[in-house]
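Chains as they are written, first to last, in the working numbering: chain A, 1 to 267; chain B, 268 to 617.
In what follows, a structure is listed as structure tokens, so that the remarks can point back to it.
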Ligand SMILES: Nc1ncnc2c1ncn2[C@@H]1O[C@H](COP(=O)(O)OP(=O)(O)OP(=O)(O)O)[C@@H](O)[C@H]1O
Ligand SMILES: [Mg+2]
């Protein structure tokens with residue numbers, strides 16, 4: 001599976017089902033900087049989309065809007081055809097959307113289990129948990145260990161502080177969190193940007209594995225071979241606009257780069 | 268959880284540490300490495316060591332030979348409790364990567380307000396509750412200045428240091444107030460021979476430690492200090508967490524101020540001036556990192572004790588009081604250097 005391209009195994013798509021995630025006319029400005037100017041994007045069940053574009057094209061801004069971390073100035077977001085408002089990351093979580101952010105969203109001073117469950121701590125059963133709000137550290141460690149096992153992420157101990165891990169291992173924690181809590185959609189912003197060759201390979205395999213579990217994924221990456229290897233479709237952003245959507249099976253690195261740079265205009 | 272699709276997996280992400288381990292290169296021998304590792308992981312061990320050494324030296328050097336007497340130790344316990352109480356709150360603020368310079372002023376104002384109410388025949392309980400309330404109020408103002416007006420914690424609380432002290436001074440017109448004698452039993456009384464302020468401080472320290480360790484809000488205090496952006500993206504209401512810690516710090520400072528007033532039997536509007544520095548020193552010495560996200564209240568209590576112990580030891584050794592400030596300054600610098608070093612070692616270890 002690691003060598004065969006996922007693009008050859010396009011998911012069966014019943015044309016009548018609406019996209020699970022649908023964004024229309026998303027716009028966002030920061031002061032005078034127009035980061036996004038009316039961008040559309042669809043994500044179908046079980047699909048991996050590669051979201052590509054030059055530096056500053058608006059990729060991170062778009063996914064921050066889709067994950068509730070930023071409010072758009074204009075535009076509409078639908079889940080299963082139903083319009084929703086994502087006012088905070090909690091709203092996105094409630095809709096089954098999890099995000100792995102570009103800048104590693106981990107707390108270095110906390111251990112692996114605590115990072116995994118941060119903001120969603122497991123509480124003790126009964127009164128102690130409900131009223132006393134006491135957290136169940138042991139359960140969190142045990143469950144975290146099980147998740148890491150099932151994702152084939154090897155760690156020595158769930159009590160290991162995250163600042164003692166390497167970049168790839170930390171990214172593993174962030175990815176694991178999105179998989180454990182994401183019910184349907186995982187958004188990843190350059191998950192391998194900070195990693196070495198081998199660690200990149202491991203995260204790539206992890207992405208394939210969670211997709212095989214039925215998770216739809218939006219993957220941002222500057223690594224074109226990686227995007228072509230993993231994705232089913234490629235959405236290109238250019239200066240805050242959607243420059244085109246390409247079927248991965250019908251394109252190649254050269255064409256994607258031409259669309260990114262504006263050398264080729266498609267629709 | 269979706270059904271697991273098992274497949275053959277080549278390499279998995281591993282956490283085997285790099286050669287040299289976490290502290291590789293810093294310390295040479297294996298033995299030194301484990302000692303170093305413990306000092307880095309558990310900062311309060313160093314403080315405890317400091318406390319023992321200062322105690323032994325003081326006992327040997329003091330002409331009276333009276334350092335290790337219950338009278339002296341209980342007096343020290345009595346005297347460090349006010350600062351320690353305020354430092355518990357100050358530590359929670361520092362854990363969020365903030366700082367609270369207004370705690371000394373809050374101590375003074377809360378003591379003065381309670382004394383004024385008591386002098387005007389208010390019952391003890393409402394007088395204390397209102398005193399604590401003014402501390403909470405100061406903390407909420409701090410929190411709002413920092414979260415809503417986006418002020419630097421240092422600047423906001425420096426301003427509040429002056430404002431709050433100014434209220435106490437202006438209101439009192441510089442006069443000292445005296446609460447009814449009966450109220451002094453709170454600060455001067457004992458439980459099984461142990462001074463009340465020390466008992467109260469210790470009980471609060473234990474409860475707060477459990478809160479920090481075993482509740483979501485307690486954990487979020489560390490998370491906000493460790494990585495505020497990540498905390499927000501994970502759905503933690505970081506501004507609320509911050510307002511909470513400043514309000515709580517204000518309340519604990521007020522508690523320290525009221526106990527101090529009760530012990531002294533007087534409320535000087537200038538009481539506890541400069542205590543914010545002792546509070547911050549206690550935190551730093553006790554291993555609460557100024558970089559946020561780390562520290563234990565146990566360490567803070569030890570840190571506050573060490574400061575008072577050094578003062579006491581210098582008095583018993585008949586060192587002129589002028590040198591005390593210098594000695595404590597040096598201890599603070601050492602603690603800061605250790606904090607920096609700890610950070611660097613951790614970064615190298617990545
Ligand atoms: N918080 C912000 N304040 C001001 N401008 C911003 C902010 N965030 C993004 N921008 C601007 O919006 C534009 C799009 O930025 P964005 O981070 O979305 O790009 P990107 O496609 O993710 O780039 P990269 O590949 O470098 O990560 C840029 O011009 C950027 O400077
Ligand atoms: Mg980006």
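Positions of the beta carbon are idealized from the N, C-alpha and C atoms, including for glycine.
Proximal residues to residue i (C-beta, below 6 Å), its chain only, five neighbours per side dropped
| i | result |
| --- | --- |
| residue 50 (chain A) | 219, 227, 231 and 234 |
| residue 571 (chain B) | 347, 350, 351, 354 and 549 |
| residue 140 (chain A) | 113, 117 and 122 |
| residue 518 (chain B) | 399, 402 and 403 |
| residue 579 (chain B) | 343 |
| residue 261 (chain A) | none |
| residue 535 (chain B) | 443 |
| residue 188 (chain A) | 100 and 219 |
| residue 179 (chain A) | 210 |
| residue 560 (chain B) | 489, 492 and 493 |
| residue 339 (chain B) | 333 |
Boundaries of the alpha helix (DSSP H) in which residue i is found, first to last residue
| i | result |
| --- | --- |
| residue 434 (chain B) | 420 to 439 |
| residue 545 (chain B) | 542 to 552 |
| residue 99 (chain A) | Run containing residue 99 (chain A): none in the alpha helix (DSSP H); it sits in the beta strand (DSSP E), 97 to 100. |
| residue 450 (chain B) | Segment: none, residue 450 (chain B) is in no alpha helix (DSSP H) and carries neither H nor E. |
| residue 250 (chain A) | Here residue 250 (chain A) belongs to no alpha helix (DSSP H), and DSSP marks it neither H nor E. |
| residue 578 (chain B) | 564 to 583 |
| residue 490 (chain B) | 483 to 493 |
| residue 218 (chain A) | That residue, residue 218 (chain A), is in no alpha helix (DSSP H); its beta strand (DSSP E) goes 216 to 220. |
| residue 507 (chain B) | 505 to 531 |
| residue 322 (chain B) | 311 to 328 |
| residue 588 (chain B) | Note, residue 588 (chain B): premise wrong, no alpha helix (DSSP H); not H, not E. |
| residue 397 (chain B) | 391 to 414 |
| residue 228 (chain A) | 224 to 230 |
Check whether residue i and residue j have beta carbons under 8 Å apart
| i | j | result |
| --- | --- | --- |
| residue 513 (chain B) | residue 135 (chain A) | no |
| residue 224 (chain B) | residue 358 (chain B) | The displayed coordinates of chain B run from 268 to 617. Any statement about residue 224 (chain B) would go beyond what the structure contains. |
| residue 268 (chain A) | residue 211 (chain A) | No information on residue 268 (chain A) is available, as it lies outside the stretch 1 to 267 that chain A covers here. |
| residue 108 (chain A) | residue 494 (chain B) | yes |
| residue 378 (chain B) | residue 527 (chain B) | yes |
| residue 120 (chain A) | residue 30 (chain A) | no |
| residue 236 (chain A) | residue 58 (chain A) | no |
| residue 88 (chain A) | residue 410 (chain B) | no |
| residue 40 (chain A) | residue 68 (chain A) | no |
| residue 573 (chain B) | residue 321 (chain B) | yes |
| residue 148 (chain A) | residue 176 (chain A) | yes |
| residue 412 (chain B) | residue 423 (chain B) | yes |
| residue 384 (chain B) | residue 397 (chain B) | yes |
| residue 581 (chain B) | residue 591 (chain B) | yes |
| residue 577 (chain B) | residue 598 (chain B) | yes |
| residue 529 (chain B) | residue 465 (chain B) | no |
| residue 72 (chain A) | residue 130 (chain A) | no |
Contacting residues, own chain, Cβ-Cβ under 7 Å from residue i (five flanking each side not counted)
| i | result |
| --- | --- |
| residue 488 (chain B) | 359, 362, 363, 479, 508 and 512 |
| residue 43 (chain A) | 19, 20, 21, 49, 185, 216 and 218 |
| residue 569 (chain B) | 311, 314, 315, 318 and 553 |
| residue 425 (chain B) | 368 |
| residue 431 (chain B) | 369, 372, 373, 376 and 405 |
| residue 291 (chain B) | Residue placement at residue 291 (chain B) is poorly supported in this model, since its pLDDT is 39, which falls under 50; the coordinates still yield a value, given next. Around residue 291 (chain B): no qualifying Cβ. |
| residue 14 (chain A) | Low confidence applies here, because residue 14 (chain A) scores a pLDDT of 48, under 50, leaving its location unreliable; read the following figure in that light. Here the set comprises nothing. |
| residue 618 (chain B) | As displayed, chain B neither begins before 268 nor continues past 617, which places residue 618 (chain B) out of reach and without an answer. |
| residue 145 (chain A) | 158 |
Beta-carbon contacts of residue i that lie in its chain and below 8 Å, excluding the five residues immediately before and after
| i | result |
| --- | --- |
| residue 128 (chain A) | 134 |
| residue 110 (chain A) | 118, 161 and 162 |
| residue 171 (chain A) | 100, 104, 191, 192, 194, 195, 199 and 203 |
| residue 278 (chain B) | Here residue 278 (chain B) scores only 39 on pLDDT, less than 50, and its place in the model should not be relied on; the value that follows carries that caveat. No residues qualify anywhere along the chain. |
Boundaries (first-last residue) of the beta strand (DSSP E) holding residue i
| i | result |
| --- | --- |
| residue 236 (chain A) | 233 to 238 |
| residue 266 (chain A) | Run containing residue 266 (chain A): none; DSSP gives neither H nor E here. |
| residue 25 (chain A) | 21 to 30 |
Chain E contact for residue i (CB, 8 Å cutoff)
| i | result |
| --- | --- |
| residue 561 (chain B) | Checking the listed chains, one finds no chain E in this structure; the protein chains it contains are A and B. |
Please write down, chain order preserved, every residue whose beta carbon lies under 7 Å from a heavy atom of ligand 2. A:59, A:60, A:102, A:189, A:190 and A:220
Secondary structure, beta strand (DSSP E): runs of 3+ residues fully inside the region 117 to 198 of chain A: The beta strand (DSSP E) runs of length 3 or more contained entirely in the region 117 to 198 of chain A are, from start to end of the chain, 185 to 189.
As an exercise, report each continuous alpha helix (DSSP H) stretch of at least 4 residues that is fully enclosed by the region 41 to 119 of chain A, in chain order. 59 to 66, 89 to 94 and 112 to 116, all fully within the region 41 to 119 of chain A.
Give, in chain order, every unbroken run of the alpha helix (DSSP H) that is at least 4 residues long and sits entirely within the region 330 to 371 of chain B. 337 to 362
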